[in-house]
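Peer 1: Can you read through this structure? Questions will come right after.
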Amino acid sequence: MNGVEQQAVRPGPSLSRWKVSSTSVCGSSHEKLGTPCQDASFWSVQENNIFFAAVADGAGSASRSDVGAQIASQTAVEALKAETNLENRLLKNPRTFKTVLVKALKSALRAVKEEAKTQGIKPRELASTLIVVIATPKVVATAQIGDGAAVIQTQNNELIALTTPDNGEYVNQTTFLISPKAISTAQLHIWHGPPTHIALFSDGLQMLALQMPFGKPHAPFFSPLFAFISKAGATAQAQLTSFLQSPRVKERTDDDLTLLLAALQDDTHETENQI
586 MNGVEQQAVR PGPSLSRWKV SSTSVCGSSH EKLGTPCQDA SFWSVQENNI
636 FFAAVADGAG SASRSDVGAQ IASQTAVEAL KAETNLENRL LKNPRTFKTV
686 LVKALKSALR AVKEEAKTQG IKPRELASTL IVVIATPKVV ATAQIGDGAA
736 VIQTQNNELI ALTTPDNGEY VNQTTFLISP KAISTAQLHI WHGPPTHIAL
786 FSDGLQMLAL QMPFGKPHAP FFSPLFAFIS KAGATAQAQL TSFLQSPRVK
836 ERTDDDLTLL LAALQDDTHE TENQI
């Protein structure tokens, strides 16, 4: 499911603004089996440049994981949007980031369980991973359950992986939102400093985006993408989809792919760029 809701509110007094694009494409292995894309993303830009985003990757073995991923990602962002006076709370107490992120994870889990009850199925049939981000022009906070990752670029052009894939003890094993102790063992990280770019992606891209097994961001992957989103115009999502469907990507992974890109920039006009 492509990133939807995607609400952008007027930034307010700051001259900085977020430019965001997100898309999901079905992997070739899923296309051969006739199964739907099981990835999803959701994002929203609020007043005063607070940016919320979530990416979820449904479990391949779960019959309704596409629905679970959609519910998890959307509910997490909606939970963050429902927080009152969040900007002031974040400024007064940095620990608020972790508090509200954990609340968002719990809201997503509750929504998935409620959907399972409504459909008369086990919650495991809606299993998905979940990455959630809160970002301001001064700080980025992340929570992650499962694989995939969140990467930022700093003003010094340094690439930092705020989270790394949780692949468990065995290959192709990970933790899902519905897994026991998933929330209590979630990766939580706060990075203080002005980001220039953010990327969230599902595990289908992690072998291209990260130098494994250490999870170090691969600069040749991110540099053109971050340059693209900084100058992208109205066709950004279509171009991003074309990139994920291109042979240079498809030949290296057969999994569903989700990529969410965000750039924080001065409120000036940019010329459109292509990947």
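Residue numbers (the working numbering): 586 to 860. Beta carbons: idealized from backbone N, C-alpha and C, even for Gly.
1. Short of 8 Å in beta carbon distance, which residues of its chain neighbour histidine 803, apart from the five on each side in sequence? Order them along the chain.
2. What do you reckon, are the CB atoms on glycine 733 and glutamine 791 nearer than 8 Å?
3. Run through the region 714 to 795 for me and flag every whole alpha helix (DSSP H) of 4 or more residues, listed as ranges in chain order.
4. Looking at threonine 714: is its Cβ nearer than 8 Å to the Cβ of phenylalanine 682?
5. Would you give the residue range spanned by the beta strand (DSSP E) that serine 863 belongs to?
6. Going along the chain, which residues of its own chain have a beta-carbon closer than 7 Å to the beta-carbon of threonine 748, five neighbours each way excluded?
7. Suppose the cutoff is 7 Å on Cβ atoms and the five residues either side in sequence are ignored; what does the same chain contact list for isoleucine 737 look like?
8. What span of residues does the beta strand (DSSP E) with alanine 625 cover, start to end?
9. Would you check if the distance between the CB atom of alanine 562 and the CB atom of valine 662 is smaller than 8 Å?
10. Does the beta-carbon of phenylalanine 799 have 16 or more other beta-carbons within 10 angstroms, so that it is buried, or is it exposed?
11. With contact counted as at least three CB pairs below 8 Å, one residue from each stretch, are the region 618 to 633 and the region 683 to 691 in contact?
12. Taking leucine 618 as the reference, give the member of Ile719, Ser764 and Gly645 with the closest Cα.
13. Assuming the contact rule is C-beta atoms closer than 8 Å, isoleucine 763 and arginine 709 should be a hit. Round their C-beta distance to whole Å, please.
14. Pick out whichever of Asn670, Val652 and Asp624 has its Cα sitting closest to the Cα of aspartate 642.
Peer 2: Taking the coordinates as given:
1. Same-chain partners within the cutoff: Leu793, Ala794, Leu795 and Gln796.
2. The answer is yes: Cβ separation under 8 Å.
3. Within the region 714 to 795, the runs of alpha helix (DSSP H) that reach at least 4 residues and sit entirely inside it are, in chain order, 791 to 794.
4. In terms of Cβ geometry, threonine 714 and phenylalanine 682 do not form a close pair [threshold 8 Å].
5. Because the chain is modelled from 586 through 860, residue 863 falls outside the range shown and cannot be assessed.
6. Its chain contains Ile716, Thr727, Gln729, Ala734, Ala735, Gln772 and His774 as the residues whose beta carbon lies nearer than 7 Å to that of threonine 748, once the 5 sequence neighbours on both sides are disregarded; these appear in chain order.
7. Cβ neighbours of isoleucine 737 beyond the five flanking positions: Val725, Ile745, Leu747, Trp776, Pro780, His782 and Ile783.
8. It spans 624 to 630 - the beta strand (DSSP E) in which alanine 625 sits, taken as one unbroken run.
9. Outside the shown range of the chain, which is 586 to 860, sits residue 562, and nothing can be said about it.
10. Counting the other Cβ atoms within 10 Å of the Cβ of phenylalanine 799 gives fewer than 16, which makes it exposed.
11. Verdict: no, contact absent.
12. Out of Ile719, Ser764 and Gly645, Gly645 has the C-alpha closest to the C-alpha of leucine 618.
13. Going by Cβ atoms, the distance from isoleucine 763 to arginine 709 rounds to 6 Å, so yes, they are a contact pair.
14. Closest in alpha carbon position to aspartate 642, among Asn670, Val652 and Asp624, is Asp624.
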